[in-house]
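Written below as structure tokens is the structure these notes are about.
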Amino acid sequence: MGEKLTIYGITGLGLLFVPESRAHELANSNKALLTAKTWGEFKSLVSKELYEFYLTNSSYYEGPYEPEDGDCTPYDIPPETPFTPNDVVMYDELPANPEIEMSEWMPEEIQEKFGRKMRYDAMDMNVPDGEILVLDEEQMDEIVAELEKLGYECRRDDDLLMAGTTLDFDPDDYPWVEEEDEEEEEE
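Written as structure tokens, this is what we have:
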């Protein structure tokens with residue numbers, strides 16, 4: 005892993021360590037979901053990866069789920085199109101799984117000493133593919149010390165991690181795509 009600045013803290017997913025840039029990317033994406041008014045504004049506020057994830061989940065999207073060349077640009081939704089989180093947020097499919105990502109970048113010696121790997125297991129539900137790294141919250145200080153010995157800079161920021169891993173909103177506070185279409189037809 006190239007990035008050595010790591011944000012850590014307690015979240016609804018347990019103890020997480022996330023590279024700082026990724027922590028900000030996820031938090032900014034969740035904020036954009038709730039504040040963007042148009043697709044153009046949303047696109048300007050999030051990373052390409054997260055934009056394309058939400059783009060392909062939108063009711064407005066008219067392209068293949070996975071374009072052959074991997075480029076969704078030809079299928080962009082017009083920038084002036086109204087944006088609402090109700091159009092793109094699905095709780096059974098998330099754009100990121102930091103608890104899985106952590107198992108991919110965390111040094112193996114830390115994982116072996118302090119963690120255990122598990123897989124999500126569920127029936128009749130979309131579950132992320134990959135192993136989750138579960139770390140004991142009571143060993144947080146020791147994990148930080150070991151990471152710092154390996155050259156990582158660790159900074160605790162529970163709020164930033166919660167902002168990136170939790171999207172708490174009331175769907176009734178936002179329009180639904182069907183409602184927007186009906187309003188346009190009435191005009």
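Residue numbers (this note's numbering): 5 to 191.
The C-beta atom is built at its ideal place from N, Cα and C for all residues, glycine as well.
Here the alpha carbon of GLU70 sits roughly 22 Å from the alpha carbon of PRO102. When the five nearest sequence neighbours on each side are left out, the beta carbons in the same chain lying within less than 8 Å of the beta carbon of GLU66 are those of TYR79, in order along the chain.
As a beta-bridge residue in DSSP terms, GLU157 pairs with LEU9. ASP91 and ASN61 have their C-alpha atoms some 8 Å from each other. DSSP lists GLU135 as the bridge partner or partners of ARG123. For LEU19, the enclosing beta strand (DSSP E) covers residues 18-23. A Cβ-Cβ contact shorter than 9 Å links LEU165 with VAL22.
The segment 10-17 makes contact with the segment 157-164, as at least three CB pairs between them are under 8 Å.
Non-local beta-carbon contacts of THR170 in its own chain, meaning distances under 7 Å to residues more than five positions away in sequence, involve GLY16 in chain order. Where PRO102 is concerned, the enclosing alpha helix (DSSP H) starts and stops at 102-109. Counting along the chain, the unbroken alpha helix (DSSP H) around PRO89 starts and ends at 89-92. Here GLN143 has PHE118 as same chain residues with Cβ atoms under 6 Å from its own Cβ, once five neighbours each way along the sequence are excluded. Across the structure, GLU113 and GLU141 are spaced so that their CA atoms are roughly 18 Å apart.
Each residue's CA atom was taken as its position, placing GLY18 and LEU139 some 8 Å apart. The C-alpha of THR88 is placed about 7 Å away from the C-alpha of LEU37. In this structure, the straight-line span from the alpha carbon of VAL181 to that of TYR58 is close to 14 Å. In the three-state reduction of the DSSP assignment, PRO175 falls in the helix class, which pools H, G and I. If you look at TYR58, you'll find it in the alpha helix (DSSP H) that goes 52-61.
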